[in-house]
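Asks: To convert, take the position in the sequence shown, counting from 1, and add 9; that gives the working numbering.
Backbone N, C-alpha and C fix where the C-beta goes; we use that ideal spot for every residue, glycine too.
Values in this document were obtained by computation on a predicted structure and should not be read as measured data.
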Amino acid sequence: MKRYLIIGIIIFVAIVFEIALFFLLYRRSKLNRYKENLSQWTKTIKQTNSNNFATLERIKTLAKKMNSYLEKCKSLSIIYEKMHICSKDLSSHMQQLNNYIRQLKLKKSTQKYKIIIQKIETYNDLNTEFKGLSDTLNNQWKIVESVVINSFSLINQLRNFIENDKHKIPNSYNSLKEELNALYNQTIELENQKETKNIQDVAALLNEHDKKLRFFANKVSHLIIIEDLIFNYIPQKLNKLEPNSTASQSLNQEYLKIVDNFNKQSPYQKSVELIRNWLFNYHNHWSYLNNVKQLETYINSHIKNIEKQLHSIKKFIDCILQLNSDKNSEITQLSVVLDKMYTEFENIKHSSNKAIFIELDSFIESIIKLVANINNIVIKINEEAIQQDYQKYYLSILRYWYINVINNKNYIEQNANNIKNIGALINIYEKIYSNLDNISQVNIDVFVDKLLNLYTTIKTAQIYEFMTKNLIESIAYKRMENPHIDAVINQALVQLQNREQKQAFKLIKNLINKEKINVF
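1) Classify residue 232 as helix, strand or coil using the three-state DSSP reduction.
2) Assuming contact is defined by CB atoms lying nearer than 8 Å, are residue 280 and residue 289 in contact in what I supplied?
3) Quick one: what does DSSP say residue 92 is sitting in, helix, strand or coil?
4) With a Cβ-Cβ cutoff of 8 Å, do residue 102 and residue 126 count as a contact?
5) How close, in whole Å, do the beta carbons of residue 513 and residue 505 come, if the pair is a contact with beta carbons under 8 Å?
6) Report the CB separation of residue 318 from residue 406 in whole angstroms; it is logged as a contact under 8 Å.
7) Less than 7 Å between C-beta atoms, sequence neighbours within five positions excluded: which residues of the same chain meet that for residue 192?
8) Between residue 229 and residue 285, what straight-line distance do the alpha-carbon atoms span, to the nearest angstrom?
9) State the start and end residues of the unbroken alpha helix (DSSP H) segment that holds residue 522.
10) Please work out which residues of its chain come closer than 7 Å, Cβ to Cβ, to residue 110, disregarding the five sequence neighbours upstream and downstream, and give them in chain order.
11) What number of angstroms, rounded off, separates the C-alpha of residue 519 from the C-alpha of residue 498?
12) In terms of alpha-carbon separation, which member of 233, 260, 232, 255 lies closest to residue 245?
13) Excluding the 5 residues preceding and the 5 following residue 235 in the sequence, name in chain order all residues of the same chain whose CB lies nearer than 6 Å to its CB.
14) For residue 112, does the count of other Cβ atoms within 10 angstroms reach 16, so buried, or fall short, so exposed?
15) Excluding the 5 residues flanking residue 287 on each side, which residues of the same chain have their C-beta closer than 7 Å to its C-beta?
16) Please report the straight-line C-alpha distance between residue 517 and residue 431, rounded to a whole angstrom.
17) Would residue 108 and residue 47 qualify as a contact pair, given that the criterion is a beta-carbon distance under 8 Å?
18) Report the rounded CA-to-CA distance for residue 421 versus residue 477, giving the unit in angstroms.
19) Helix, strand or coil for residue 178 per DSSP?
20) How is residue 423 classed by DSSP in three states: helix, strand or coil?
21) Assuming residue 262 is part of the alpha helix (DSSP H), what are its boundary residues?
22) Report the residue from 53, 80, 52, 51 whose alpha carbon sits nearest the alpha carbon of residue 65.
23) Just to confirm my understanding: we take residue 95, look at its own chain, exclude 5 residues before and 5 after, and list those with CB closer than 8 Å. What are they?
24) Have a look at residue 594 and residue 55 and give me their C-alpha separation to the nearest angstrom.
25) Taking only beta-carbon atoms, is residue 342 less than 8 Å away from chain C?
26) Take the Cβ of residue 227 as the centre, count every other Cβ of all protein chains shown within 10 Å, and call the residue buried at 16 or more, exposed below.
27) Quick check: what's the CA-CA separation for residue 274 versus residue 231?
28) Please state the DSSP three-state secondary structure of residue 173.
29) Start and end of the alpha helix (DSSP H) containing residue 505?
30) Got a sec, what are the start and stop residues for the alpha helix (DSSP H) residue 248 sits in?
31) May I have the straight-line CA-CA distance separating residue 473 from residue 511, to the nearest angstrom?
32) For residue 408, count neighbouring Cβ atoms within 10 angstroms of its own Cβ and tell me buried if that reaches 16, exposed if not.
33) In or out: residue 489 buried (at least 16 other Cβ within 10 Å) or exposed?
34) Quick check: the Cα distance between residue 468 and residue 347, rounded to an integer number of angstroms?
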């Protein structure tokens with residue numbers, strides 16, 4: 010019996026211990042939560058009171074200078090006073106709660122905690138009412154202060170930038186510095202107006218002022234480039250031009266306008282526009298000179314070959330005249346034709362006509378026809394040796410123009426008809442030149458006929474391609490501003506790629522006429 014009594018006592022003690030332990034843990038958890046909330050409330054109330062005090066003082070300052078703020082200032086003062094009383098009451102209750110927590114008095118702490126929660130709700134209601142009246146003003150005030158701070162920051166950055174790069178803007182430095190100082194003074198003036206004028210009006214003025222500052226920043230960055238172009242780059246380019254040329258005089262006049270506009274301190278956008286136009290015209294001029302140079306190179310190479318051929322034909326005709334007196338009249342006629350061709354050739358060589366390219370190709374056709382006429386006379390000559398010598402020379406000339414045709418065959422469209430004609434020319438060429446000891450005059454006549462036809466086709470394609478590309482180069486500046494012109498040029502380029510040169514030329518020519526484009 011005694012044994013069971015001891016066991017019962019032990020169990021009872023254990024239960025009591027567990028209950029006591031649970032209570033202690035529960036009390037500790039509850040009091041810690043009260044303590045944490047108490048600390049957070051204290052910080053929040055302190056911060057809120059500080060912010061509201063600053064807001065009230067700001068509005069009191071405005072109310073002294075503007076009657077429109079008097080009513081709002083009075084209402085906020087009343088609310089703030091209620092909050093101040095409420096926070097003092099809360100402070101007393103919080104101090105008591107803090108004492109109860111240190112003394113581990115859970116019941117009293119819980120009772121006090123509930124009272125504080127009710128008063129916190131009252132305080133929060135007052136703060137909500139206070140913020141409802143002051144938030145709009147506060148937000149506008151913060152915006153104004155933010156814009157002012159950003160404005161001063163940008164001004165300082167610009168001042169440093171101008172000072173560090175003043176060697177790059179020697180002509181604009183003083184005016185930029187004066188303009189920046191004026192913007193700085195305007196910023197100070199606008200900042201001071203927040204205490205004397207309606208804050209909404211001040212915010213609007215500052216926003217406009219901020220736009221002026223950013224426009225000025227763009228102006229500074231542009232002027233560094235503008236000064237370099239006006240006083241360094243453009244003069245260097247002008248010095249490279251031929252002094253008395255029309256293009257040089259025109260570009261120099263444009264440059265003087267640019268300098269005059271810059272010295273008048275006109276809006277920098279005008280300088281940008283004038284410089285852009287000058288650079289465009291300069292590029293057009295150099296593109297034109299480059300095209301002329303390429304054309305001259307092409308013409309000169311042909312002139313040398315033609316001159317060589319004419320001299321050879323002259324010698325050959327003289328040789329025939331000496332050996333065949335009976336054919337004298339026919340050969341003399343050809344000699345007269347050759348003399349006229351010499352005169353025509355000299356005129357072409359010294360021509361300044363832009364159509365010299367076409368004249369030259371037409372002249373080459375005349376040479377081929379002259380050689381063919383000489384060949385017809387030589388056929389009638391019985392002196393076999395002379396005929397063989399001439400035929401050898403004649404075939405060498407035909408070989409030269411054959412190679413020229415084959416090398417340039419890619420200028421024409423590779424359609425079935427052209428491929429067939431080129432193939433036929435190659436076949437008859439191989440037939441003639443593979444057996445020079447036994448040549449049929451019929452084969453030579455057919456060869457010359459096909460050679461002339463293909464040469465004419467190829468040179469026509471080259472001429473159309475050359476003229477089309479020059480026209481495209483002259484109107485390329487319109488592509489960026491007119492999508493239709495850009496589309497037509499792209500279509501013409503595709504046609505050139507497809508070897509449809511004549512269609513491409515007509516397309517660009519019609520475009521120029523329709524759009525009334527001034528070709529350089």
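Replies: Result, derived from the coordinates:
1) helix
2) no
3) helix
4) no
5) 5 Å
6) 7 Å
7) 164, 221, 222, 225
8) 18 Å
9) 510 to 524
10) 40, 43, 44, 118
11) 11 Å
12) 260
13) 280
14) exposed
15) 243, 260, 263, 264, 267
16) 29 Å
17) no
18) 15 Å
19) coil
20) coil
21) 255 to 272
22) 80
23) 128, 131, 132, 135
24) A question about residue 594 goes unanswered here, because the residues of the chain that appear run from 10 up to 529.
25) Annotation note: the requested chain C is absent from the structure, which comprises a single protein chain.
26) exposed
27) 13 Å
28) helix
29) 492 to 506
30) 243 to 248
31) 6 Å
32) exposed
33) exposed
34) 23 Å
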